[in-house]
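**Student:** Going by my numbering, the first residue of the sequence shown is number 639, and it counts up by one from there.
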Amino acid sequence: MAKTIVEVVDGLSLDVLKNLAGETLIKRASEIEYIIESINGLARKDDLPSEIEESSAMRKSRAKAMKSSIGAYEEHKRELKSWGLWYPGYDICYEKAKRGLLTAQDSFPEVKIR
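#1: In the region 683–752, which residue ranges form an unbroken alpha helix (DSSP H) of at least 4 residues, counting only runs that do not cross its ends?
#2: Is residue 663 closer than 8 Å to residue 723 when the C-beta atoms are compared?
#3: With 16 as the cutoff for other CB atoms within 10 Å, does residue 672 come out buried or exposed?
#4: Residues in the same chain with beta-carbon distance under 8 Å from residue 674, minus the five sequence neighbours each way, listed in chain order, please.
#5: Just tell me which of 718, 743, 704, 683 has its CA closest to the CA of residue 767.
#6: Would you decide whether residue 670 is buried or exposed? Buried here means 16 or more other CB atoms lie within 10 Å of its CB.
#7: Have a look at residue 744 and residue 693 and give me their C-alpha separation to the nearest angstrom.
#8: Look at residue 666 and residue 738 and say whether their C-beta atoms are less than 8 Å apart.
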């Protein structure tokens with residue numbers, strides 16, 4: 639008979655649970671950083687050479703990608719907040735990224751596992 643999640647978690651040591659939570663946090667942090675960088679690139683139009691004018695179809699595609707990326711950011715944020723693992727520094731990077739102002743000098747919050 640299969641064990642329930644509660645039975646499995648009850649059988650794990652606190653150290654194992656901390657390691658699992660830490661791995662999840664690090665994975666989510668890297669995903670959030672990737673999403674923020676994607677938003678920044680979309681806002682800056684990095685993939686478009688300066689001599690090419692953006693067409694209507696390209697603008698629509700960029701807007702759709704931006705909407706999708708913002709939705710992914712908000713979803714990850716809700717999830718991490720529900721676990722009590724949200725770093726407010728991501729909001730600062732996100733706000734800069736939406737305007738295409740995130741630079742190499744900006745840094746993401748350092749994820750610390752206690």
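Beta carbons are placed, not taken as given, at the ideal position from N, Cα and C, and that holds for glycine.
**Tutor:** Reading from the atomic positions:
#1: Correct list: 694–720, 727–736.
#2: Yes. Within cutoff.
#3: Flag for residue 672 reads exposed.
#4: Apart from sequence neighbours up to five positions away, the residues of its chain that approach residue 674 with a beta-carbon distance below 8 Å are 711, 728, 731, 732, 735, 740, 746, ordered along the chain.
#5: Residue 767 lies beyond the range of the chain shown here (639 to 752); nothing can be said about it.
#6: It counts as buried.
#7: In this structure, the straight-line span from the alpha carbon of residue 744 to that of residue 693 is close to 31 Å.
#8: Residue 666 places its beta carbon 8 Å or farther from that of residue 738.
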